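Trainee:
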Amino acid sequence: MKDIIMVYKTHDDYQKVEGLVSFLKSTGIEVIRSPHSVVASALDKINGTCLFVHKDQEELAKELIEEYFNEEPEFVDLPDELKEE
Numbered sequence: 019m020k021d022i023i024m025v026y027k028t029h030d031d032y033q034k035v036e037g038l039v040s041f042l043k044s045t046g047i048e049v050i051r052s053p054h055s056v057v058a059s060a061l062d063k064i065n066g067t068c069l070f071v072h073k074d075q076e077e078l079a080k081e082l083i084e085e086y087f088n089e090e091p092e093f094v095d096l097p098d099e100l101k102e103e
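All residue numbers for the sequence shown refer to my numbering, where the first residue is 19 and numbers rise by one.
1. If contacts are defined as beta-carbon pairs under 8 Å, then T45 and L69 qualify, I think. What distance do you get, rounded to the angstrom?
2. What are the start and end residues of the alpha helix (DSSP H) that includes E76?
3. Measure the CB-CB distance between V71 and V49 and report whether it falls below 8 Å.
4. Within the same chain, show all residues whose beta-carbon is closer than 8 Å to that of I47, passing over the 5 residues directly before and after it, in chain order.
5. Would you tell me roughly how many angstroms separate the C-alpha atoms of K73 and E85, rounded to the nearest one?
6. Would DSSP call E90 helix, strand or coil?
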């Protein structure tokens, strides 16, 4: 998990999330969605679907997410307990 970061807390709208995931994948970004139960429990206070990407793709992913929604996205950091894994 050390090379994975949480990039964006997405909309609750399923179709918007799926559209974003397809868009990011079409640009070559590997999107990781809620990798396992530890992540789910650590993120239970965050509403919406969390998308994760590898650190080396972070900047591009942020730019593309902002472009896709045409708004300033809400980015959140990976909780400390997950950075250890």
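Using N, Cα and C, we set each Cβ at its ideal position, and we do this for glycine too. On a predicted model such as this, the values are computed, not experimentally measured, just so you know.
Mentor: Checking against the coordinates, here is how it stands:
1. Mapped onto the sequence shown, residue 45 falls at position 27. Mapped onto the sequence shown, residue 69 falls at position 51. The Cβ separation is near 13 Å, so there is no contact.
2. On the sequence shown, position 58 is the one that residue 76 refers to. Note, E76: alpha helix (DSSP H), E76 to F87.
3. As a working note, residue 71 is residue 53 in the sequence shown. As a working note, residue 49 is residue 31 in the sequence shown. Closer than 8 Å, so yes.
4. Numbered from its first residue, the sequence shown carries residue 47 at position 29. Contacts found: V71, Q75, L78, A79 and L82.
5. In the sequence shown, counting from the first residue as 1, residue 73 sits at position 55. In the sequence shown, counting from the first residue as 1, residue 85 sits at position 67. Spanning the two alpha carbons is a distance of roughly 19 Å.
6. If you number the sequence shown from 1, residue 90 lands on position 72. DSSP places E90 in coil when its eight states are reduced to three.
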